[in-house]
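Chemist: Numbering (the numbering used here), first residue to last: 49 to 462. Heads up, the beta-carbon is just placed ideally off N, CA and C, and yes, glycines get one too. What follows is a single structure, and I will ask about it in a moment.
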């Protein structure tokens, strides 16, 4: 479609000094607008990619994809439930757990937390929780020793460190209406769970047998946690596996507690792309203004080309190329700056937080306490290509006007 002659002349027009300073200013502003729009969207999409990565690596890897809980009280036949669940084609592993609510006490400091009793060997099959605790700590994670792995956020609030002791106050249930005093258990912190997020601020882990003793469950457990082969289809898989069980169970999946995070990330990603199209589209309107003024500024050159035999198509392609150069240059510069900033976004935000003394993402509120970033080549190409296509569309009308200039009228006016 584009001849080498039109490309050559279009390049000369783009590089040549404009007679009209206003044309130069508008041309520069359109290029800068496209570059800024491209850079900002690449940074934003990279941040969304980072949040999605951290959601997968720090949340979905340490929480169970789904759970079966006893319908009326503890689950006594959990071994049969786990075995039958693992026989499902889409369930990879199952592990028992006990979930308690407790009040952690250290001196005058109190913190309401979730205490989770697990069997470490079986838990490794369903989550990577052990990867976020010092490996040496698990050697001391044995029943009957009063050991606990504490979330780093809880430890910071209570001002305890590894090796310190604290007290867990666990509510006691009774078949009567009489209020019972909570069970006080003195435990030793053998390790800290560090996920840099919300889970750190409300979780403590103890051996399964200790949790059974504290909650007076005998051999029962609260439920069975499950790992599936398709996280995004977890609810359907868990429900199907639950229907195959012979006992009544409560069925839950990660989507009920954290699903909104994934949906929000996808929604923000879509909104950002739409905003990008609008921002770059506005910048491309400047290309229309630039080319319309450039057509008037280059009217004599166009007339000379027409008298030398240039066709309407050649003149049109010349100005299309001139507009595309602005879009390509702005897209390339914006992509370079966007990728450079996105690759260093986490460290830049941390430096800014240190400078102003304020943390933008708090770990006790959000699932991460830092701004993650992950650059995807597909996002960079998509954004750059969109900028080029929009700039190409913006050139069509001015180029058509240039091809309709009457050389006789232009040259006679001179």
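May I have the straight-line CA-CA distance separating residue 326 from residue 95, to the nearest angstrom?
Modeler: Their Cα atoms are separated by approximately 20 Å.
Chemist: Comparing C-alpha positions only, which one of 141, 155 and 162 sits nearest to residue 149?
Modeler: If we check each option's Cα against that of residue 149, 162 comes out closest.
Chemist: At which residues does the beta strand (DSSP E) containing residue 159 begin and terminate?
Modeler: Its beta strand (DSSP E) spans residues 157-166.
Chemist: Using 10 angstroms around the beta-carbon of residue 365, count the other beta-carbons present and answer buried if the total reaches 16, otherwise exposed.
Modeler: Residue 365 comes out buried.
Chemist: Give me the Cα-Cα distance between residue 299 and residue 199, rounded to the nearest whole angstrom.
Modeler: If I take the Cα positions, the gap works out to 26 Å.
Chemist: Within 10 angstroms of its Cβ, does residue 310 collect 16 or more other Cβ (buried), or is it exposed?
Modeler: By the neighbour-count rule (16 or more Cβ atoms within 10 Å), residue 310 is buried.
Chemist: Would residue 230 be called buried (16 or more neighbouring beta carbons within 10 Å of its own) or exposed?
Modeler: Residue 230 comes out exposed.
Chemist: Can you have a look at residue 445 and say buried or exposed, based on whether 16 or more other CB atoms are within 10 angstroms of its CB?
Modeler: Under this definition residue 445 is an exposed residue.
Chemist: Which residue marks the beginning of the beta strand (DSSP E) containing residue 272, and which one marks its end?
Modeler: Per DSSP, residue 272 belongs to the beta strand (DSSP E) from 271-276.
Chemist: Under DSSP, the alpha helix (DSSP H) around residue 114 begins and ends at which residues?
Modeler: Premise fails: residue 114 lies in the beta strand (DSSP E), 114-118, not in any alpha helix (DSSP H).
Chemist: Where residue 369 and residue 332 are concerned, what is the direct C-alpha to C-alpha distance, given to the nearest angstrom?
Modeler: So the two alpha carbons sit approximately 14 Å from each other.
Chemist: How far does the alpha helix (DSSP H) with residue 287 in it extend, from its first residue to its last?
Modeler: Element bounds for residue 287: 282-291.
Chemist: Over what stretch of residues does the alpha helix (DSSP H) that includes residue 209 continue unbroken?
Modeler: Element bounds for residue 209: n/a, residue is neither H nor E.
Chemist: How many whole angstroms separate the CB atoms of residue 143 and residue 272, which I take to be in contact at a CB cut-off of 8 Å?
Modeler: Contact holds; Cβ gap of about 7 Å.
Chemist: Taking C-alpha atoms, which residue in 431, 428, 414 and 122 lies nearest to residue 102?
Modeler: Checked all of 431, 428, 414 and 122; the closest Cα to residue 102 is 414.
Chemist: What did DSSP end up calling residue 231 once you bin it into helix, strand or coil?
Modeler: DSSP places residue 231 in strand when its eight states are reduced to three.
Chemist: Apart from the five residues on each side of it in sequence, which residues of its chain come closer than 7 Å, Cβ to Cβ, to residue 177?
Modeler: These residues qualify, in order along the chain: 110 and 171.
Chemist: Taking the alpha-carbon of residue 448 as reference, which of 371, 201, 213 and 84 has the nearest alpha-carbon?
Modeler: Closest option to residue 448, Cα to Cα, is 371.
Chemist: How should residue 152 be labelled, buried or exposed, when 16 other C-beta atoms within 10 angstroms of its C-beta is the threshold for buried?
Modeler: Residue 152 should be labelled buried.
Chemist: Nearest by alpha-carbon distance to residue 209: which of 183, 308, 236 and 184 is it?
Modeler: Minimum Cα distance to residue 209 is reached at 236.
Chemist: Within the same chain, show all residues whose beta-carbon is closer than 6 Å to that of residue 314, passing over the 5 residues directly before and after it, in chain order.
Modeler: Excluding sequence neighbours, residue 314 sits near nothing in its chain.
Chemist: Distance check for residue 175 and residue 104, CA to CA, integer angstroms please.
Modeler: Distance between the alpha carbons of residue 104 and residue 175: 12 Å.
Chemist: In whole angstroms, what separates the C-alpha of residue 99 from that of residue 340?
Modeler: Those two C-alpha atoms are separated by around 43 Å.
Chemist: Under 6 Å Cβ to Cβ from residue 397, same chain only, skipping five residues before and after it: list those, please.
Modeler: Hits under 6 Å: 419.
Chemist: What would DSSP say about residue 148, mapped onto helix, strand or coil?
Modeler: Three-state result, residue 148: strand.
Chemist: So residue 90 and residue 307 are supposed to be a Cβ contact under 8 Å. How far apart are they, rounded?
Modeler: Residue 90 to residue 307, Cβ: 27 Å. No contact.
Chemist: In or out: residue 466 buried (at least 16 other Cβ within 10 Å) or exposed?
Modeler: Coverage of the chain is limited to positions 49 through 462, which leaves residue 466 absent and any answer about it impossible.
Chemist: Can you check the stretch 361-404 for any beta strand (DSSP E) of at least 3 residues that lies completely inside it and give the ranges in chain order?
Modeler: Qualifying beta strand (DSSP E) stretches: none in this window.
Chemist: Is the CB-CB distance between residue 86 and residue 379 below 9 Å?
Modeler: Yes. Within cutoff.
Chemist: Give the straight-line distance between the Cα atoms of residue 297 and residue 291, rounded to the nearest whole angstrom.
Modeler: Each residue's Cα considered, the two are about 9 Å apart.
Chemist: Please report the straight-line C-alpha distance between residue 422 and residue 92, rounded to a whole angstrom.
Modeler: Cα to Cα, the separation comes out at about 10 Å.
Chemist: Using 8 Å as the cut-off, can you tell me whether the stretch 281-289 makes contact with the stretch 244-255, which would need three or more C-beta pairs spanning the two stretches below that distance?
Modeler: Verdict: no, contact absent.
Chemist: For residue 167, collect the residues of the same chain with a Cβ closer than 7 Å to its Cβ; drop the 5 residues on either side in sequence, then sort them by chain order.
Modeler: Once the five neighbours on either side are set aside, the close Cβ partners of residue 167 are 143, 144 and 256.
Chemist: Does DSSP classify residue 443 as helix, strand or coil?
Modeler: Three-state DSSP puts residue 443 in coil, outside helix and strand.
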